[in-house]
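A short worksheet on the structure shown next.
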Amino acid sequence: MNLILLTTLLFYQSKQVYVILGGSSAANYTGTNKDVLSYDNGNWEIASNHIYGKLGSPWSEVGNKLNTNLNETIYFVDCARINASLIDWKENSSYFNLAQKCFDIAGNISINYNVIWQDNLYSANSNYFINTILGMRKPKSNWFIAIDTFTYSNDYRINKLEDIYYLTNNYPDIYLGANLDSLCIQNITNININKLVDLWTKSLINKINALSIDDIYSECLNIKYFDYFIFTTIISFFMLFGCLYAFYYYKRRKEYRRLNNVPNI
Numbered sequence: 001m002n003l004i005l006l007t008t009l010l011f012y013q014s015k016q017v018y019v020i021l022g023g024s025s026a027a028n029y030t031g032t033n034k035d036v037l038s039y040d041n042g043n044w045e046i047a048s049n050h051i052y053g054k055l056g057s058p059w060s061e062v063g064n065k066l067n068t069n070l071n072e073t074i075y076f077v078d079c080a081r082i083n084a085s086l087i088d089w090k091e092n093s094s095y096f097n098l099a100q101k102c103f104d105i106a107g108n109i110s111i112n113y114n115v116i117w118q119d120n121l122y123s124a125n126s127n128y129f130i131n132t133i134l135g136m137r138k139p140k141s142n143w144f145i146a147i148d149t150f151t152y153s154n155d156y157r158i159n160k161l162e163d164i165y166y167l168t169n170n171y172p173d174i175y176l177g178a179n180l181d182s183l184c185i186q187n188i189t190n191i192n193i194n195k196l197v198d199l200w201t202k203s204l205i206n207k208i209n210a211l212s213i214d215d216i217y218s219e220c221l222n223i224k225y226f227d228y229f230i231f232t233t234i235i236s237f238f239m240l241f242g243c244l245y246a247f248y249y250y251k252r253r254k255e256y257r258r259l260n261n262v263p264n265i
């Protein structure tokens with residue numbers, strides 16, 4: 001279906017529009033009102049089937065909850081690309097023009113629209129993240145940036161959190177998105193998707209900023225090192241047990257020799 005026709009059909013009933021960007025596939029919204037425009041295979045179409053993304057698909061239920069809480073019709077414009085990296089969204093990169101198309105269609109539905117950045121693939125050059133977000137940012141749009149840094153090293157996490165803190169505290173239209181780090185898990189599945197739904201719903205409604213780095217940092221045990229941690233703990237336990245056994249064995253042996261007047265060799 002033609003993009004212009006789609007926007008014409010949806011224009012008169014629009015209320016809240018959310019453009020979803022990032023490196024994971026967003027889900028088609030399959031609530032009561034299927035108000036999602038999906039860009040697939042180079043064509044725009046009204047979404048009708050539920051598609052699970054790499055990190056899970058919270059959007060159908062998020063849409064329903066937003067509709068209930070805001071009492072407005074909710075639209076999602078699905079522009080996320082599976083496995084897209086951060087630099088793919090920079091100007092003159094793979095998906096920059098796609099993002100502009102997404103913003104145009106959102107702007108046709110509602111003058112004021114929202115942008116959801118759902119994951120934070122880190123670049124060693126911290127400015128890539130800040131410059132990419134600011135390079136795509138347009139007037140009359142609110143941005144919600146997910147906190148998704150758990151899988152990276154601690155230094156990278158702190159740098160990324162500093163970027164998010166900087167953006168949400170220096171630009172009045174940029175807010176915190178869902179704090180995925182607070183779940184302390186690497187992959188969102190259907191089992192914990194409801195938690196993700198709640199996180200996104202609250203962040204989109206409340207529009208909050210980070211008070212400090214500590215405010216958005218979650219202390220998690222990185223699962224990559226969990227097996228190593230368990231192995232090291234077990235080995236350490238047996239070594240400690242062996243040392244204690246040897247200590248008490250020779251202590252009792254010495255006491256036995258003393259009581260029985262056995263000369264030490």
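Taking this note's numbering, the leading residue of the sequence shown gets 1, the next gets one more, and so forth. Positions of the beta carbon are idealized from the N, C-alpha and C atoms, including for glycine.
Asked	Found
Contacting residues, own chain, Cβ-Cβ under 7 Å from Y217 (five flanking each side not counted)	L161
Run of the beta strand (DSSP E) containing Q100, from where it starts to where it stops	Not the beta strand (DSSP E): Q100 falls in the alpha helix (DSSP H), residues F96 to I109.
F144, DSSP secondary structure in three states	strand
Chain-order list of residues whose beta-carbon lies under 6 Å from that of R252 (same chain, five-residue window excluded)	none
Environment of A99 [buried if 16+ CB atoms lie within 10 Å]	buried
Residues that Q16 bridges to, as DSSP identifies them	I74
Simplified DSSP assignment, three categories, for I116	strand
Simplified DSSP assignment, three categories, for I235	helix
Where E61 falls, given that 16 or more other Cβ within 10 Å makes a residue buried	buried
Contact belief for T145 with L176 at Cβ below 8 Å, rounded distance in angstroms	It should be noted that the sequence gives Ile, not Thr, for residue 145. Sure, about 7 Å apart at Cβ, within 8 Å.
L86 classed as buried or exposed, judged by whether at least 16 other C-beta atoms fall within 10 angstroms	buried
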